[in-house]
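Engineer:
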Amino acid sequence: MADFYSSPVAGAHGVHQAHEDAGSSRANSLAKLTNFTGALVSVALVVGIGVWGYKLLARDVSGIPVVRAAQGEMRVRPEEPGGQLARHQGLSVNAVAAHGTAGKFADRLILAPKPLELAEEDQPIKPAMVAQAPQAGTAEAQVIPASAAIPDVAEALRNGDVNELVASLTDGIAPLDDETEETAEAVATVTEEIVQEVETAKAEIAQAVLDAPGVSNSLRPRNRPQQAAQAMVVKASLSAEDAAVTAAIDAVSRQLSAAATREVPADTIPKGTRLVQLGAFDSPEIAREQWDKLNRRFAVYLGSKDRVVQKATSGGRVFYRLRAMGFEDIADARRFCSALVSEKADCIPVVTR
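So the number in the working numbering is just where the residue sits in the sequence shown, counting from 1, plus 919.
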């Protein structure tokens, strides 16, 4: 009979092996549960995507959900609407708005009713029928004829003839019943004070004008020199030959100014250069003529600038841009354009690209 011996080391090893088997079984159970849950979520996701796709296919092509139409009429006209019929019913215009075409011709035509007439008590009251109420305590109004002389108030105040002015103004007018001597004296006093203030102000103004600088010592203007008159006569009496010579001189001066103008090719201008655009024209010759016109008007501004005629295309149309070059920065270009715009000329600051 065989004998079996167990050592402490072997017993410990057996217990450890049992614990490992139990842990591995729990790990396997957890892994199975995780896999099952993931599979279930995946199946649910696939089913949800399928349902959502079916709903998208079942919807209307235009994207508007289909609404079931209600049965029956939306609005029903009552059999007895009551009230009063409007006068505009039965017109052909209403048939056009309702059916899209004009209605049939009416079988019966009735003239429009006569306009309503106001009763006697509703008629407007004429101004002539309203009697003016007399004002108590006033004298009868007197009509002053148009031929009556109008006194010169300013002249009377200047001369101090206050009494004569008052007499002329009150000539033919009945005095007030309640006028007293105290009232007359008060009016005369106020009038004299006004006259004195006017005279004092006139004297002060005259003295201030004389004391102003440059007035008392100003020289008389000289007579017009006779040379100017002679020059005008000579210019007026120019003959046809002299006019031709003048035109030739002008043409030569224009050619010299055109030759003195430096034109820079647009292809040689580096990017970022500050320019100003003076317009867009159909041909380069027209652009150069416009430059000459602007140069005659603004010789002070365009004298130091270079001319640039650039070809451009927009919408299948070829045109030529007239630009000026020679600015330090964008601020200098803006000041230049401000000066030209103030004289009613076109100017836009630009930067080459």
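Glycine is no exception: its CB is placed at the ideal position from the N, C-alpha and C atoms.
1. Using DSSP's beta-bridge definition, name the partner residues of Gly1198.
2. Measuring CB to CB, does Arg1226 end up less than 9 Å from Val1269?
3. Just to confirm, is the Cβ distance from Ala1031 to Ala1021 under 9 Å?
4. Please state the DSSP three-state secondary structure of Gln1296.
5. Select from Thr1180, Tyr1239 and Gly1001 the residue whose C-alpha is nearest the C-alpha of Lys1212.
6. Would Val1195 be called buried (16 or more neighbouring beta carbons within 10 Å of its own) or exposed?
7. In angstroms with no decimal places, state the Cα-to-Cα distance between Thr1271 and Leu976.
8. At the level of alpha carbons, what is the spacing between Thr953 and Asn947?
9. Closer than 7 Å by C-beta to Gly1198: which residues in its own chain qualify, once you throw out the five before and the five after it? Chain order, please.
10. If we call anything under 9 Å between Cβ atoms a contact, is Pro1184 one with Tyr1239?
11. Provide the residue span of the beta strand (DSSP E) that contains Val1269, from first to last.
12. State the Cα-Cα distance for the pair Val928 and Val966, rounded to the nearest angstrom.
13. By the three-class DSSP mapping on this structure, what secondary structure does Arg1193 have?
14. Can the beta-carbon of Phe1200 be found closer than 9 Å to that of Ala1258?
15. Should Gly1245 and Lys1224 be called a contact, given that it needs their Cβ atoms to be closer than 9 Å?
16. Please look up how many angstroms separate the CB atoms of Val1237 and Ala1206, rounded, as I've assumed it's under 8 Å.
17. Distance check for Ser1233 and Arg1253, CA to CA, integer angstroms please.
18. Between which residues of its own chain and Ile1188 is the CB-CB distance below 6 Å, once the five residues before and five after are set aside?
19. When the Cα atoms are used, what is the spatial distance from Met886 to Phe1024?
20. Select from Val986, Glu1036, Ser1011 and Leu1037 the residue whose C-alpha is nearest the C-alpha of Asp1026.
21. How should Gln1061 be labelled, buried or exposed, when 16 other C-beta atoms within 10 angstroms of its C-beta is the threshold for buried?
22. Arg1215 and Ile1249 - do their beta-carbons sit closer together than 9 Å?
23. Helix, strand or coil, according to DSSP, for Arg913 in the structure here?
24. Using the Cβ count rule (16 or more neighbours within 10 Å means buried), how would you classify Tyr1220?
25. Ends of the alpha helix (DSSP H) at Ile1205?
26. Check the DSSP bridge columns for Glu998 and list the partner residues they point to.
27. Using the DSSP secondary-structure output, state which residues sit across from Glu1182 in a beta bridge.
28. Express the C-alpha separation of Lys1263 and Glu902 in angstroms, rounding to a whole number.
Structural biologist: By the coordinates alone:
1. For this step, residue 1198 is matched to residue 279 along the sequence shown. Its beta-bridge partners are Leu1241.
2. Mapped onto the sequence shown, residue 1226 falls at position 307. Mapped onto the sequence shown, residue 1269 falls at position 350. For Arg1226 and Val1269, no; Cβs fall outside 9 Å.
3. Stepping through the sequence shown from its first residue, residue 1031 is reached at position 112. Stepping through the sequence shown from its first residue, residue 1021 is reached at position 102. Cβ distance not < 9 Å, so Ala1031 and Ala1021 don't count as in contact.
4. The shown model of the chain, from 920 to 1272, leaves out residue 1296, and the question about it has no answer.
5. The residue labelled residue 1212 in the question sits at position 293 within the sequence shown. When each option's Cα is compared against that of Lys1212, the closest is Thr1180.
6. Counting from one through the sequence shown, the residue named residue 1195 turns up at place 276. Answer is buried; the Cβ neighbour count reaches 16.
7. Reading the sequence shown from its first residue, position 352 is the one you call residue 1271. Reading the sequence shown from its first residue, position 57 is the one you call residue 976. Whole-angstrom Cα-Cα distance: 55 Å.
8. Position 34 of the sequence shown, counted from the first residue, corresponds to residue 953. Position 28 of the sequence shown, counted from the first residue, corresponds to residue 947. Distance between the alpha carbons of Thr953 and Asn947 is about 10 Å.
9. Taking the first residue of the sequence shown as position 1, residue 1198 is located at position 279. Here the set comprises Gln1209, Leu1241 and Asp1265.
10. In the sequence shown, residue 1184 corresponds to position 265, counting from 1. In the sequence shown, residue 1239 corresponds to position 320, counting from 1. No.
11. For the purposes of this step, residue 1269 is taken as residue 350 along the sequence shown, with counting starting at 1. Segment Ile1267 to Val1270, the beta strand (DSSP E) holding Val1269.
12. Position 9 of the sequence shown holds residue 928. Position 47 of the sequence shown holds residue 966. Per-residue confidence for Val928 stands at a pLDDT of 48, beneath the threshold of 50, marking its modelled position as unreliable; the derived number appears in the next sentence. If you take the alpha carbons of Val928 and Val966, they lie about 58 Å apart.
13. Taking the sequence shown and counting its residues from 1, one reaches residue 1193 at position 274. Arg1193 falls in the strand class under three-state DSSP.
14. For the purposes of this step, residue 1200 is taken as the residue at position 281 of the sequence shown. For the purposes of this step, residue 1258 is taken as the residue at position 339 of the sequence shown. Their beta carbons are not under 9 Å apart, which means Phe1200 does not touch Ala1258 by this criterion.
15. What you label residue 1245 is simply residue 326 of the sequence shown in a count that begins at 1. What you label residue 1224 is simply residue 305 of the sequence shown in a count that begins at 1. Against a cut-off of 9 Å, the Cβ pair of Lys1224 and Gly1245 comes out as a contact.
16. Mapped onto the sequence shown, residue 1237 falls at position 318. Mapped onto the sequence shown, residue 1206 falls at position 287. Between Ala1206 and Val1237 the Cβ distance is about 13 Å, and since that is not below 8 Å, they are no contact.
17. Translated into positions along the sequence shown, residue 1253 becomes position 334. Translated into positions along the sequence shown, residue 1233 becomes position 314. Cα to Cα, the separation comes out at about 26 Å.
18. Locating residue 1188 in the sequence shown gives position 269, where the first residue counts as 1. Cβ neighbours of Ile1188 beyond the five flanking positions: Thr1271.
19. Given a span of 920 to 1272 for the chain in the structure shown, any question on residue 886 remains unanswerable.
20. The sequence position of residue 1026 within the sequence shown is 107, counting from 1. Measuring from the Cα of Asp1026, the nearest candidate turns out to be Ser1011.
21. Within the sequence shown, residue 1061 is the residue found at index 142, counting from 1. With a pLDDT of 48 at Gln1061, under the threshold of 50, the predicted position of this residue should be treated as unreliable, though the coordinate-derived value follows. Exposed, because fewer than 16 other Cβ atoms sit within 10 Å of the Cβ of Gln1061.
22. Locating residue 1249 in the sequence shown gives position 330, counting from the first residue. Locating residue 1215 in the sequence shown gives position 296, counting from the first residue. Taking 9 Å as the Cβ cut-off, Ile1249 and Arg1215 do not qualify as a contacting pair.
23. Residue 913 is absent from the model: the chain starts at 920 and stops at 1272.
24. The residue you call residue 1220 lines up with position 301 of the sequence shown. Tyr1220 should be labelled buried.
25. The count along the sequence shown starts at 1 and reaches residue 1205 at position 286. Pro1203 to Arg1216 is the extent of the alpha helix (DSSP H) around Ile1205.
26. Here the question's residue 998 lines up with position 79 in the sequence shown. None, per the DSSP bridge assignment.
27. Residue numbering aside, residue 1182 sits at position 263 when the sequence shown is read from its first letter. DSSP lists Arg1226 as partners of Glu1182.
28. With the chain running from 920 to 1272 in the structure shown, residue 902 is simply not present.
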